[in-house]
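Q:
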Amino acid sequence: MRHNFIGIVISTAMDKTVRVQVAKRVMVHRFQKEVLRHKVYMAHDEMENCNNGDVVRIEHCRKLSRHKSFAIAEVIKPARSWTDPETGIAARHIAARSFSVATATKKDILQDMYLREIRNYKPDAKAAQADVTTKEFAAPKVPAPPQNDINLESDMKTYEQTGTLGQ
């Protein structure tokens, strides 16, 4: 069975080659959320009938070039087209959403996820009912100085007589 992906054509600038962006949902275990990830594939378009914004199915085939190992199997939904009422010229390359815009930085994605978590936060009923009291701050007690059991005069006499300190 061959790999099949459904994606949107984002570029048709090359001869008989299109760039297709495929989206997939991935679970981020750290946040327990599903995130949309994108990957861009180069696909062979023999008849050159794809346009920007077309929804296509690409199928894995033998490697056709360094980056191209998929081929267009079918055009599922053509891009929206618009006809100018004054001139009658049809503009075919109008996509519902532009995918060629640079993706947001990782920082922006994490910030958006964080803000979404804050907006969706609802405190527990148990936490709201809990009696929360705080104690007044008390400075720690200063420790007492150590007790010295040393008698210097008697120890000096013992040292002078025996040459060692008496215990």
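The opening position of the sequence shown corresponds to residue 0 in numbering that gives the first Met the number 0, with each subsequent residue numbered one higher. A virtual CB, placed ideally from N, CA and C, is assigned to each residue, including glycine.
Using a Cβ-Cβ cutoff of less than 6 Å, which residues in the same chain neighbour histidine 2 once the five nearest sequence positions on both sides are dropped?
A: His59
Q: Quick one: give me the first and last residue of the alpha helix (DSSP H) that methionine 155 is part of.
A: Per DSSP, the continuous alpha helix (DSSP H) segment holding methionine 155 begins and ends at 151 to 161.
Q: Taking 8 Å as the line, does the beta carbon of histidine 59 fall inside it for any heavy atom of the ligand GTP?
A: With respect to the ligand GTP, the structure offers nothing, as it holds no ligand at all.
Q: Around the C-beta of aspartate 44, are 16 or more other C-beta atoms found within 10 angstroms, so that it is buried, or is it exposed?
A: buried
Q: Would you check if the distance between the CB atom of valine 21 and the CB atom of tyrosine 40 is smaller than 9 Å?
A: yes
Q: Leaving out the 5 sequence neighbours to the left and right, which residues in its chain are closer than 6 Å to alanine 89 when beta-carbon positions are compared?
A: Ser80 and Thr82
Q: In the DSSP assignment, find the beta strand (DSSP E) that holds lysine 23 and state where it starts and stops.
A: 16 to 27 is the extent of the beta strand (DSSP E) around lysine 23.
Q: With 16 as the cutoff for other CB atoms within 10 Å, does isoleucine 71 come out buried or exposed?
A: Of the other Cβ atoms in all chains shown, 16 or more fall within 10 Å of the Cβ of isoleucine 71; this residue is therefore buried.
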